[in-house]
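J.: Protein chains in written order, with my numbering: chain A, 45 to 503; chain B, 45 to 503; chain C, -12 to 197; chain D, -12 to 197. From the three backbone atoms N, C-alpha and C, an ideal C-beta is built for every residue, glycine too. Everything numeric in this text was worked out from a predicted model, so none of it was measured.
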Amino acid sequence: MNRFNKLAIDHPADLRFGIAPKPLTTRQGLKLGGGIVYPELNFTLPPMFVDESTMPEVREQYRGIIQGALARAAELEAPGLVVEFETLPPMTEHPAWGIELTRILLDGMAEAHARHGLKSVLRITPNDTREMERPPRMRSGPLFEAMLATFDGCAAAGAELLSIESVGGKEIHDEALMMGDLRGVLFGLCVMGVRDMRFLWTELQRIADKHGVHCAGDTACGFGNTAMVLAGQQMIPRVFAAVVRAISAVRTLVGYECGCVGPGKDCGYENPILKAITGFPMAMEGRTAACAHSSPLGNIAAAACDTWSNESVQNIKLLGGMAPTVYVEQLIYDCRVMNQALADGRDAALQYRKWLVASDAALDPQAYVLTPESAVAIARVIVNAPNHYAAGRAAGLTAVKLLRDAHRDGQVKILKRELPWLERMQKTLESLPAGENQFIDEMMGVVDTSKFVAADYEL
Amino acid sequence: MNRFNKLAIDHPADLRFGIAPKPLTTRQGLKLGGGIVYPELNFTLPPMFVDESTMPEVREQYRGIIQGALARAAELEAPGLVVEFETLPPMTEHPAWGIELTRILLDGMAEAHARHGLKSVLRITPNDTREMERPPRMRSGPLFEAMLATFDGCAAAGAELLSIESVGGKEIHDEALMMGDLRGVLFGLCVMGVRDMRFLWTELQRIADKHGVHCAGDTACGFGNTAMVLAGQQMIPRVFAAVVRAISAVRTLVGYECGCVGPGKDCGYENPILKAITGFPMAMEGRTAACAHSSPLGNIAAAACDTWSNESVQNIKLLGGMAPTVYVEQLIYDCRVMNQALADGRDAALQYRKWLVASDAALDPQAYVLTPESAVAIARVIVNAPNHYAAGRAAGLTAVKLLRDAHRDGQVKILKRELPWLERMQKTLESLPAGENQFIDEMMGVVDTSKFVAADYEL
Amino acid sequence: MDDHQPLYEAILIGDGKAARAATEQALAAGMDPLKLVQDHMMRAMAEVGRRFECHDYFVPELLLAARAMKSALEPIRPLLKNQSIGPSGCVLIGTVTGDLHDIGKNLVIAMLEGAGFEVVDLGVNVPPGQFVQKIKEKNPHIVAMSALLTTTMPAMKTTIDALKQAGVRNQVKIIVGGAPITQKYADEIGADGYTETASGAVALARKVMA
Amino acid sequence: MDDHQPLYEAILIGDGKAARAATEQALAAGMDPLKLVQDHMMRAMAEVGRRFECHDYFVPELLLAARAMKSALEPIRPLLKNQSIGPSGCVLIGTVTGDLHDIGKNLVIAMLEGAGFEVVDLGVNVPPGQFVQKIKEKNPHIVAMSALLTTTMPAMKTTIDALKQAGVRNQVKIIVGGAPITQKYADEIGADGYTETASGAVALARKVMA
Ligand SMILES: [Zn+2]
Ligand SMILES: [Zn+2]
Ligand SMILES: [Zn+2]
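Below you can see the structure in the form of structure tokens.
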């Protein structure tokens, strides 16, 4: 466990795309965060079952995806490519399937390297299948064992980057989101989430060490992105989702405390905060992930990215080809512009970053809390806090303050009906007890403890 | 007929996105080419028949497309939107269908305007169904009549921009492409194509005048883009496709000579040349049209665009929503960056344009002939030529020269196996007779005259 | 009696304690319990629904109001034993086999409950057999299924097939939703309705029951 | 006799006049016509095919070579009346009803002819009945269909259904292609093969005939 107590990137101008203070070099020599933004391709199956009987077709699908996409990437002379294999639950429950499909992808990547010189690296993202049982067993049981076996087998096969969208804390956080309950959010993210992350990533680091691969990073997807989607559907206030995003960084940070070295997982929109704290490269997704979900962060998400991802697209036919092939083309062109700007030096890159940031930041509080200035400010209070609970509270308060100030100065549009929420959130956060233990005591009396196994959270 | 004999944009630095010397203001007040780049959304049906029995479902499809896409555009606060309705052949053959669907789209647009203040304008692009008969009857017959009736009815319904991907000359050009025969290319584009364009756009201008709408522009899609696709499949040399692109501008120009005022049709990658000549705004498509086809022009295509299009996407479900909704989101984010750069003034916009251009130009001769410098150079020899035949020849020779020089200077990558083609093309073009009549005489003895109705081309 | 009645207000702002207190006060003052429900509680919930529709209220306000309404009903229920203040209908809901995505389903539950439906939540990853069994047990008007993965959506068809096989298909209306689902897919598998968003679920439930 | 023979060279560079002249010269010199075809012409075309596969040749070179080969064959055909220098197989090809997209189809024709197939081109916008009629007339080994629009691809199924109805489906292999088509769709409609690119057509045609 390595607590970060100062910022790797202290000045907002240094928080920019393509450049990370601690770049990561892959076996084939891609240097992520080393001055070039790489496309990161994601994909999933078209509507179909995954079981023993469909596995031949499943194999064909992945073979087709990787061949088609890499051929296009080679044609367009991509400088390199990160491929993310986010498995589907049956592939994590049956490690043999996940591992076999990993091999198929790696074979395709090796072939493209041999034939076209295309360098690539595989990120493997098994599912957090622990939540298939309710309440989830977080630290033992067959689901947990199978999940670890999938990681182990995929790393052995050659997947160099390990990621997961872990769910620890979601048991309480889901309802907290729906109730607009920031105390529940903090409990889910910074108490339960932090504890599970610490446990899980310690396990994963063991696997990574065994095979000489890297723990890349986690994402507060089921937390921050769920909030974003709910806000997009006008179910909860955008300012609430923005504050959840800031707090979620504390949970995601734990992965890096346990040994992750990036690139942080694409759907972690909190990643700019983590890049400022850790200095590791980050994957991000934005406009070119609209295939997977809408967001108010289409351009600003690119401001500090080191790889640029499409999040997920089904392997279905568009007029221009299979969707993963279409999306790799779009990502490559996006990256070309960023890399041209990088090639023109620091000021040029900052010029482009300015447009990416300015084009979104004023329109939505969720974008505003991710400007380089906001991200560094939130990062700073996180590293200055004595523990994760305090860090979450400080991150939330900072986000609220940033939004209030920005709204006062006319720098961000906040809908009138959301304004009372800013005040309400500030009050809630200010009224929290100073100590984590007291907070836990209070919360354990309030939350539905039948939804989780307290012992799995050391509670 | 208004021959352009000088350039509207004389200097490459003035050929840039969002700004056209002669902007076009729509009824709702969108000023295309007036300092803002607007998204232009295109879409088509998923796999299904279009006939009397399926029309209820077809209506539902278009209703769903326009509602979904405009809701997303309003959510993302698009500054305005061009919607292109490129009909499917049965909708041009049965004008009542095309007109009814036009009304459905216009209703959706009016509703979004009323509810969200979203300004939009409809471009209608009926099919050139004249080619349903072989040889095509270009100037009369029921197919021709139905096509004009579709234009007329759609314009009456409120479609403000008229476009078509006309096919005159394709009868000969298709085979010329496959044979790598530049003489046939010139005959198809600059003799047959020019004559048909002159006839057709005179007819369309009559319709536009009648309803107070605008002839927008044509595209050499079936010529230049067919060449690009063949080059992409390594069927013909890229340098050949690049030269075809340059020559194709002469054909597309005729629309503007007959009254078109832009925005030129999205898939006319020759549009930067036409913007330099005419000063009218241009639609372009690039990376965000990968859903419709791959291209080596993903970023450079944006360098001089006034609207930014996705070309075409089926109305099928992606994880993030129906594909047209997903693509309007991507276009909006693309435009946001361009508009941020524009807001920062001329130098900033030129900085961004530089990256868009530089990121593609060196990698493919088809991109290289479309740099602002190349486009203006080709435009210049076109306006200086005494007639369209001479203009086509000059455009071709200029493109060859630009590529030879650039290759010599290491500014563009040309594959070794393509180099002999540069020489071959230059010889062919240089050996052409000076006068159009002599060229026509020679060609009429060579081409397969059973494939077209000579009288329809005044031949 | 007018809109500014404390009970109405308490439900509107989601204050359960105040709502219950106001109810007890009104009962003590001899108010007709049924009238209390109809004139104040129902009207408050209708206003909450309206505000949500207009996006003046978010889900949290909606849920708090529903909870306040529940509190207020407690002292009334025993007095209304034989009168119908029952739910608009009963909905059985779950995500299909293999699918773990809670929150869309939970939102739909919140919407439905807010609109007065009784909801039986089967949770996530629900096998077809369990749907069948619970239909037999609970006799719901509607079965609602969701799937968020392209690889779990086929389980909707499997589930409907199981309902047919068990002979219970025609006892219920089936509604479906989730990111990869379309109206077309809903039609293909023989569902009775589809909604793109959680907030559309109430209107849909009412429509299929009409 | 070696590779540098003028006939071989003339075909390789697509010079029809030279190829014919070289053939006439060789015949006059008493060369066995069959040997001429097999040792030189076929070998030249194989080399052309190889160069195309490796992307050293483009379609124009391929087509010119095929034309040169045709010219060279003219003086030989009468001498070989009873010997088989016939095509590898006969392919009936067209775009389906409603579809006007020539060039993909024409490319496939060029590829197939280049590989020695006899091709009957029905053109564009071909109604199912015309496919049926021509199958009866020409007795082809393969029927090839293309569609470039999402709204014309369903006509592939209609056409195959018409072939079945007419009882000719099993006389032929059916191959399909075009932008919106997938292997899955080809399987669904019961086609025998699908290729994503025109250049894949030859291998596919050979495969389905094997
Ligand atoms: Zn995610
Ligand atoms: Zn086009
Ligand atoms: Zn188009």
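(1) Quick one: grab the DSSP three-state call for residue 47 of chain A.
(2) With 8 Å as the threshold, decide whether the Cβ of residue 94 of chain B is near any Cβ in chain D.
(3) Give the residues whose C-beta lies closer than 6 Å to at least one heavy atom of ligand 2, in chain order.
(4) State the start and end residues of the unbroken beta strand (DSSP E) segment that holds residue 188 of chain D.
(5) Mind reading off the beta-carbon distance from residue 166 of chain A to residue 127 of chain A? Whole number of angstroms is fine, and I expect it under 8 Å.
(6) Distance check for residue 413 of chain A and residue 286 of chain A, CA to CA, integer angstroms please.
(7) 8 Å is my cut-off, CB to CB: does residue 175 of chain A come that close to chain C?
(8) Give a yes or no on whether the C-beta atoms belonging to residue 86 of chain B and residue 475 of chain B are separated by under 8 Å.
(9) For residue 111 of chain A and residue 152 of chain A, what's the separation of their Cα atoms in angstroms?
(10) Kindly indicate which three-state DSSP category residue 76 of chain C falls into: helix, strand or coil?
(11) Closer than 9 Å by beta-carbon distance: list the chain C residues that pair up with residue 361 of chain B, in chain order.
(12) Name the one or two DSSP bridge partners that residue 497 of chain A has.
(13) Against chain A, with Cβ distances strictly below 8 Å, would residue 136 of chain C count as a contact?
(14) Which of the three DSSP states is assigned to residue 178 of chain A in this structure?
(15) Starting from residue 422 of chain A, trace the alpha helix (DSSP H) in both directions and tell me its first and last residue.
(16) Any residues in the region 39 to 72 of chain C with a beta carbon nearer than 7 Å to a beta carbon of chain A? Which ones, in chain order?
(17) Skipping 5 residues on each side, what residues in its chain have a beta carbon closer than 6 Å to that of residue -11 of chain C?
(18) To test your reading of the DSSP string, which unbroken alpha helix (DSSP H) runs of 4 or more residues are found completely within the region 185 to 232 of chain B?
(19) Roughly how many whole angstroms lie between the Cα atoms of residue 493 of chain B and residue 499 of chain B?
(20) Name, going along the chain, the residues of the region 73 to 87 of chain D whose beta-carbon falls closer than 7 Å to a beta-carbon of chain B.
(21) Buried or exposed: where does residue 97 of chain D fall if 16 or more other Cβ atoms within 10 Å of its Cβ makes it buried?
(22) Whose CA, out of D:82, D:22 and D:-5, lies closest to the CA of residue 136 of chain D?
(23) Taking residue 292 of chain A as the reference, give the member of A:304, A:264, A:346 and A:321 with the closest Cα.
(24) What do you reckon, are the CB atoms on residue 176 of chain C and residue 129 of chain C nearer than 8 Å?
(25) Quick check on the burial criterion: 16 or more other C-beta atoms within 10 angstroms. Buried or exposed for residue 66 of chain D?
(26) Report the residue from A:46, A:122 and A:58 whose alpha carbon sits nearest the alpha carbon of residue 317 of chain A.
(27) Look at the alpha carbon of residue 488 of chain B and the alpha carbon of residue 295 of chain B, and state the distance between them as a whole number of angstroms.
(28) Can a CB atom of chain B be found closer than 8 Å to the CB of residue 273 of chain A?
(29) Count the other CB atoms, across all protein chains shown, that sit within 10 Å of the CB of residue 50 of chain A; report buried if there are 16 or more and exposed otherwise.
(30) Are there 16 or more other CB atoms within 10 angstroms of the CB of residue 46 of chain A, so buried, or fewer, so exposed?
(31) With a threshold of 8 Å between beta-carbons, can residue -7 of chain D be considered close to chain B, or not?
(32) What three-state label does DSSP hand residue 44 of chain D in the structure shown?
(33) To the nearest whole angstrom, what separates the beta carbons of residue 504 of chain B and residue 143 of chain B, a pair I think is in contact under 8 Å?
(34) Per DSSP, which residues does residue 366 of chain B bridge with? Please list them.
(35) Assign residue 491 of chain B to buried or exposed, taking buried as 16 or more other Cβ atoms, counted over all protein chains shown, within 10 Å of its Cβ.
(36) Quick one: what's residue 75 of chain A bridged to in DSSP?
T.: Here's the rundown:
(1) coil
(2) yes
(3) B:209, B:263, B:265, B:269 and B:311
(4) Not the beta strand (DSSP E): residue 188 of chain D falls in the alpha helix (DSSP H), residues 188 to 196.
(5) 5 Å
(6) 7 Å
(7) yes
(8) no
(9) 6 Å
(10) coil
(11) 166, 167, 168, 169, 171 and 172
(12) None; residue 497 of chain A has no bridge partner.
(13) yes
(14) coil
(15) 416 to 428
(16) 42, 43, 45, 46, 47 and 50
(17) Caution applies to residue -11 of chain C, whose pLDDT of 46 falls short of 50 and renders its modelled position unreliable; the value that the coordinates give is listed next. Here the set comprises nothing.
(18) 186 to 201, 214 to 223 and 226 to 230
(19) 11 Å
(20) 85 and 87
(21) buried
(22) D:82
(23) A:264
(24) no
(25) exposed
(26) A:58
(27) 19 Å
(28) no
(29) exposed
(30) exposed
(31) no
(32) coil
(33) It is not possible to answer for residue 504 of chain B, since the shown part of chain B is limited to 45 through 503.
(34) B:361
(35) buried
(36) A:69
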